[in-house]
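Here is the structure we will look at, set down as structure tokens.
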Amino acid sequence: MSGLAINDVTKQFGDFKAVDSLDLSVPHGTFVCLLGPSGCGKTTLLRMIAGLEEPTSGSIVIDGQDITGVPTHQRNFGMVFQSLALFPHLSVGDNVSYALRIRGTPREEQRRRADELLKLVHLPGFADRPVAKLSGGQRQRVAIARALALSPRLFLLDEPMSALDAKLRESMQVELRQLQQRLGITTIVVTHDQREAMTMADLVVVMGQGRIRQAASPIEIYRKPADAFVADFIGSTNLLEIATDSAGRAMVQGAAIPGLAPPNGAAKASISIRPEDVRIAAAGAGTLDGTVTFVRDLGATIETYVDVGGPTIVAVTTPRERVDAKAGDRVGVVLPAESCVVVKS
Amino acid sequence: MRQTFLRRLYFFAVGLFLALPLIVVAGVSVNEKQDLTFPPVGFSMSWYQQIFADPEWRRALIASILLALSAAAIAVAVALPLAWFLWRRIAPWANVFQLLGVAPFILPPVITALGMLTFWATSGLYGQPWTAAISHGIFFVTLPLVTLSLGFASIDRSLVEAAATMGADDRTVLRTVVFPLILPYLVSGYAFAFVLSLNEYIVAYMTVGFTIETLPIKIFNALRYGYTPTMAAVSIFFVAVAALVFGLIARFGDIRKLLGAMASEG
Amino acid sequence: MRREAPKSLADYAPLVFPGLMLIVFFVVPFSTMIAVSFFQRDPAGFYTVAFTLDNYGRFISLFFGRVLGFSLMLSVLVAICCVAIAFPFTYLLTKQSRKVQTVWLVVLLSVLSLSEVIIGFAWSTLFSRTAGITNLFVWLGLMNEPVALLPSFGAVLTGMVYQALPYTVLVLYPALVRLDPTLLEAARTLGSSPVRAFFNVVVPALRNTVVATVIMVFVFALGSYLLPQILGRPQHWTLSVLITDQAIYQSNMPFAAAMAVFLVLISLALVGLTLFAGRKENAL
Numbered sequence: 001m002s003g004l005a006i007n008d009v010t011k012q013f014g015d016f017k018a019v020d021s022l023d024l025s026v027p028h029g030t031f032v033c034l035l036g037p038s039g040c041g042k043t044t045l046l047r048m049i050a051g052l053e054e055p056t057s058g059s060i061v062i063d064g065q066d067i068t069g070v071p072t073h074q075r076n077f078g079m080v081f082q083s084l085a086l087f088p089h090l091s092v093g094d095n096v097s098y099a100l101r102i103r104g105t106p107r108e109e110q111r112r113r114a115d116e117l118l119k120l121v122h123l124p125g126f127a128d129r130p131v132a133k134l135s136g137g138q139r140q141r142v143a144i145a146r147a148l149a150l151s152p153r154l155f156l157l158d159e160p161m162s163a164l165d166a167k168l169r170e171s172m173q174v175e176l177r178q179l180q181q182r183l184g185i186t187t188i189v190v191t192h193d194q195r196e197a198m199t200m201a202d203l204v205v206v207m208g209q210g211r212i213r214q215a216a217s218p219i220e221i222y223r224k225p226a227d228a229f230v231a232d233f234i235g236s237t238n239l240l241e242i243a244t245d246s247a248g249r250a251m252v253q254g255a256a257i258p259g260l261a262p263p264n265g266a267a268k269a270s271i272s273i274r275p276e277d278v279r280i281a282a283a284g285a286g287t288l289d290g291t292v293t294f295v296r297d298l299g300a301t302i303e304t305y306v307d308v309g310g311p312t313i314v315a316v317t318t319p320r321e322r323v324d325a326k327a328g329d330r331v332g333v334v335l336p337a338e339s340c341v342v343v344k345s
Numbered sequence: 346m347r348q349t350f351l352r353r354l355y356f357f358a359v360g361l362f363l364a365l366p367l368i369v370v371a372g373v374s375v376n377e378k379q380d381l382t383f384p385p386v387g388f389s390m391s392w393y394q395q396i397f398a399d400p401e402w403r404r405a406l407i408a409s410i411l412l413a414l415s416a417a418a419i420a421v422a423v424a425l426p427l428a429w430f431l432w433r434r435i436a437p438w439a440n441v442f443q444l445l446g447v448a449p450f451i452l453p454p455v456i457t458a459l460g461m462l463t464f465w466a467t468s469g470l471y472g473q474p475w476t477a478a479i480s481h482g483i484f485f486v487t488l489p490l491v492t493l494s495l496g497f498a499s500i501d502r503s504l505v506e507a508a509a510t511m512g513a514d515d516r517t518v519l520r521t522v523v524f525p526l527i528l529p530y531l532v533s534g535y536a537f538a539f540v541l542s543l544n545e546y547i548v549a550y551m552t553v554g555f556t557i558e559t560l561p562i563k564i565f566n567a568l569r570y571g572y573t574p575t576m577a578a579v580s581i582f583f584v585a586v587a588a589l590v591f592g593l594i595a596r597f598g599d600i601r602k603l604l605g606a607m608a609s610e611g
Numbered sequence: 612m613r614r615e616a617p618k619s620l621a622d623y624a625p626l627v628f629p630g631l632m633l634i635v636f637f638v639v640p641f642s643t644m645i646a647v648s649f650f651q652r653d654p655a656g657f658y659t660v661a662f663t664l665d666n667y668g669r670f671i672s673l674f675f676g677r678v679l680g681f682s683l684m685l686s687v688l689v690a691i692c693c694v695a696i697a698f699p700f701t702y703l704l705t706k707q708s709r710k711v712q713t714v715w716l717v718v719l720l721s722v723l724s725l726s727e728v729i730i731g732f733a734w735s736t737l738f739s740r741t742a743g744i745t746n747l748f749v750w751l752g753l754m755n756e757p758v759a760l761l762p763s764f765g766a767v768l769t770g771m772v773y774q775a776l777p778y779t780v781l782v783l784y785p786a787l788v789r790l791d792p793t794l795l796e797a798a799r800t801l802g803s804s805p806v807r808a809f810f811n812v813v814v815p816a817l818r819n820t821v822v823a824t825v826i827m828v829f830v831f832a833l834g835s836y837l838l839p840q841i842l843g844r845p846q847h848w849t850l851s852v853l854i855t856d857q858a859i860y861q862s863n864m865p866f867a868a869a870m871a872v873f874l875v876l877i878s879l880a881l882v883g884l885t886l887f888a889g890r891k892e893n894a895l
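Protein chains in written order, with this note's numbering: chain A, 1 to 345; chain B, 346 to 611; chain C, 612 to 895.
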């Protein structure tokens, strides 16, 4: 099989299972984002793929070759570290051509390749500068160029954008995605930023407590979260407990949602509905009635917080929809059945 | 205002206290005649020439420099692999060696001196010039050990990991990443050991005092037979060497960090 | 290359040379010295092998009691003087710009590295009749004629404070430079003057550091062996001087070794106390 396969990998630190019997298969050329809160095991998984940590059990296979016991320096993977790990004692060019230099590549060849890579990351002519003189975004690009020097089989990035400010981060995300598509290289990025994952990934892997909670395309994760954890972690959502009444209808806060199939099984379940899918109507005209507690007008969007007798539902509308609710107003809240996803609590 | 003045006054007082003996010695060293008078009578640099011209002083100078060069080299040769091992490996019991490396420097020097004296006397090697180099090397191993430990601690381990992902094995990482980053600390450790060995008296005296005269031994011996301005000239020469070496370390490294200021400030 | 436990024998290779050097040239000499302290004196050579406690027994005399008492008293005095001068100085130094700090550190290191011989020579010149400080007083009209200020206890004390002061500053520097500046700023916003804030906030916060430093300087001062000889009279000689004297001039190595072992025990006890004080500070 072409691509990366992680088979039943566990990593234990003392009593703590950082990664717990994890299986994942990544087809060649895929852009994968490992997403999750801190301590969910995503960085440990990436470091095991790179060979910087040894799995307690399980195997890691790339293009049909088991590399579980292969030391890092023989794997030919490019990696960008969270701290970027640029060598402070080398110039930009020498950083980029480091992998070639330690292999004894001729000096001119090193120089040619460094120039080529720096052009690729939009830093032509930077080869002779010292690393200390670069801005955050430039360092980022040097780290990327350096990791790509040997045309690696796998491109790994550990929270690569965490040191950048918000605006630069967004443009770097686009740049990285475009670069990956141009090179067609299998790429795995660790991030805790769901926007970053949505922007770049073909496949988003949401992790929690050392396990995969859901692995799917970004839009699927967003639209059809597998459970409450995923729904809550990816974007913001309204989670409302759901019950089945004697007539077999799905009930939320004592109101039926017509057209919504009730959950099967006795397990407790919730519906997840995205704020932008919630509509505000006149009192009595919605699924539920409630009182507006707070309105946050952000210009492009308006967030309306409605207390429906216990939980608070957030609705995001655009100014065009002309929802002019004020705090204290009684309003109706419309929860369209087609936008509700039933998830296990 | 008043506080600034008081602070300046305090700094000035401490500075004066530190400088006063040296100023007087510097004054004495340029006396024209072989008298110990201050303020100096006349002006002459001949006593400085004497350090290099007089065969006895020159011999002492050369002996001191050779001793300091080799002792500092031994100290670094012991400290470097030890500091590297402690950084690279998890082996708590190996800290015993670190303790052994620091002990001679913390204990009163006369103890190391006497230990060396009994050891060389017992082994029958007493008086050989190289025994002083080894004794000083062990005595001053603390200095490169401390600077190198600081240096290793300042290396971001992800640099090493990054090198490994680019295909560098342990040996290559050591050569291309660790060593260049540690070099400034190695140089300052060597320099510290060199300057202190140059000035050290009692260990040198107890190990080779009867066969070789280093400059401090020579000065002390000369002191007993009466003062000469050459002693003053040698003293000033030593101060100048120390100031030059530490000045260079400060110029090309971060002396504040070496002396314990936090790395994050640097 | 992450930090990992050694797996094979080859992983221990870097330890071989340093370990061997430190054992052969520090542990063995040290043990030899301890052994010799139980041997018998041989006036013709170094010693003869025997087992005797006589060398330790000789301590119990009025003479050595006085020398020991004087050594301890002198070192305590030096330590207190040094910390009293150095603590405010170091504190003020850490408030200066980096450049000023660097210059001072270079000066302090240069003085610290000075040979005891040179320090002794410099102060004996400064305290001498012909080239000394009293000539300045005469010139200023404070005195009628220059006098020699040595040998005297004051000269020994001054010389040793001079020798130990840079050491004291450099021991205090890391603790003071890392002191949280917001601690002081908080005191200032509550209305303390800088001087009051220094005594009410900085000194108590570093009480254990001060104690530890006094002990460190005390041990450092115990090691002084030339200054009491150059600047003082025989009654100002310390244990270190006596050890040297016995080993070299009286050729009584066993007795010198016994005194050295005794000195080690005192120093170790005090260093242990320092570590203990340091640990308590970290636990806070």
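For each residue, glycine too, the CB sits at the ideal point set by N, CA and C.
In this structure the segment 491-507 of chain B touches the segment 425-439 of chain B; the number of beta carbon pairs closer than 8 angstroms is three or more. Listed in chain order, the non-local C-beta contacts of Pro160 of chain A below 6 angstroms within the same chain comprise Val80, local neighbours out to five positions each way being set aside. Within the segment 518-551 of chain B, contact with chain A at the beta-carbon level (separation under 7 angstroms) is assigned to Thr521, Val522, Pro525, Leu526.
No Cβ of chain B is located within less than 9 angstroms of the beta carbon of Gln651 of chain C. Approximately 4 angstroms separates the beta-carbon atoms of Ala231 of chain A and Ser272 of chain A; this is inside 8 angstroms, confirming the contact. Going by DSSP, Leu626 of chain C is part of no beta strand (DSSP E) but of the alpha helix (DSSP H) stretching over 624-633. Residues of the same chain with a CB within less than 6 angstroms of the CB of Arg129 of chain A, apart from the 5 flanking positions on each side, are Val92 in chain order. Counting every other CB atom within 10 Å of its CB across the protein chains shown gives Gln181 of chain A a total below 16, marking it as exposed. Under DSSP, the beta-bridge partners assigned to Ala216 of chain A are A:Val204. Judged by their CB atoms, Gly482 of chain B and Ser391 of chain B are not nearer to each other than the 9 angstroms cut-off. The distance from the Cβ of Leu239 of chain A to that of Glu506 of chain B is about 40 angstroms, inconsistent with a contact at the 8 angstroms cut-off. With a contact defined as Cβ atoms closer than 8 angstroms, Ile877 of chain C and Leu459 of chain B miss out at about 15 angstroms. Fewer than three beta-carbon pairs drawn from the segment 460-479 of chain B and the segment 516-523 of chain B are found closer than 8 angstroms, and the two stretches are therefore not classed as touching. Those residues of the segment 65-77 of chain A placed with their C-beta closer than 9 angstroms to a C-beta in chain B are Pro71, Thr72, His73, Gln74, Arg75, Asn76, Phe77, ordered along the chain. Following the DSSP letters along the chain, one finds Val342 of chain A inside the beta strand (DSSP E) bounded by residues 341-344. With contacts defined as CB atoms closer than 9 angstroms, Ala567 of chain B and Thr575 of chain B qualify as a contacting pair. Along the segment 288-308 of chain A, there is no position whose C-beta sits under 9 angstroms from a C-beta of chain B.
Taking a Cβ-Cβ cut-off of 7 angstroms, Ser708 of chain C has no neighbours in chain B, whose nearest Cβ is about 11 angstroms from it.
For a Cβ distance threshold of 8 angstroms, residue set Ser503, Glu506, Ala507 of chain B lies close to Phe81 of chain A, ordered along the chain.
Distance between Asp515 of chain B and Gln65 of chain A, taken at the CA atoms: about 24 angstroms.
Closest in C-alpha terms to Leu688 of chain C, from the list C:Ala797, C:Leu790, C:Val772, C:Phe670, comes C:Val772. In this structure, the alpha-carbon of Ala509 of chain B lies about 20 angstroms from that of Ala621 of chain C. A residue is called buried once 16 or more other Cβ atoms fall within 10 Å of its Cβ, and Asp665 of chain C, having fewer, is exposed. When Cβ-Cβ separations below 9 angstroms define contact, Trp848 of chain C makes no contact with chain B. In the DSSP annotation of this structure, the continuous segment of the beta strand (DSSP E) that includes Met79 of chain A starts and ends at 77-80. Residue pairing of Asp158 of chain A in beta bridges, as defined by DSSP: A:Val190. Judged by pairs of C-beta atoms under 8 angstroms, the segment 832-846 of chain C does not touch the segment 629-649 of chain C, as fewer than three such pairs exist. Contact between the segment 725-737 of chain C and the segment 355-374 of chain B is present: three or more C-beta pairs spanning the two stretches fall below 8 angstroms. Counting C-beta atoms within 10 angstroms of its own C-beta, Met684 of chain C has fewer than 16 neighbours from the protein chains shown and is therefore classed as exposed.
A Cβ-Cβ separation of about 25 angstroms leaves Val306 of chain A out of contact with Lys224 of chain A under the 8 angstroms criterion. Under the three-state reduction of DSSP output, Met198 of chain A falls in the helix class. Contact annotation for Gly512 of chain B against chain A: His73, Gln74, Asn76, Ala99, Ile102, Arg103, Leu150 [CB-CB distance below 8 angstroms, chain order]. With fewer than 16 other CB atoms across the displayed protein chains lying within 10 angstroms of its CB, Asp245 of chain A is exposed.
DSSP places Gly284 of chain A in no beta strand (DSSP E); its state is neither H nor E. Closer than 9 angstroms to the CB of Leu833 of chain C there is at least one CB belonging to chain B. The Cβ atoms of Ala228 of chain A and Arg279 of chain A lie no closer than 9 angstroms to each other.
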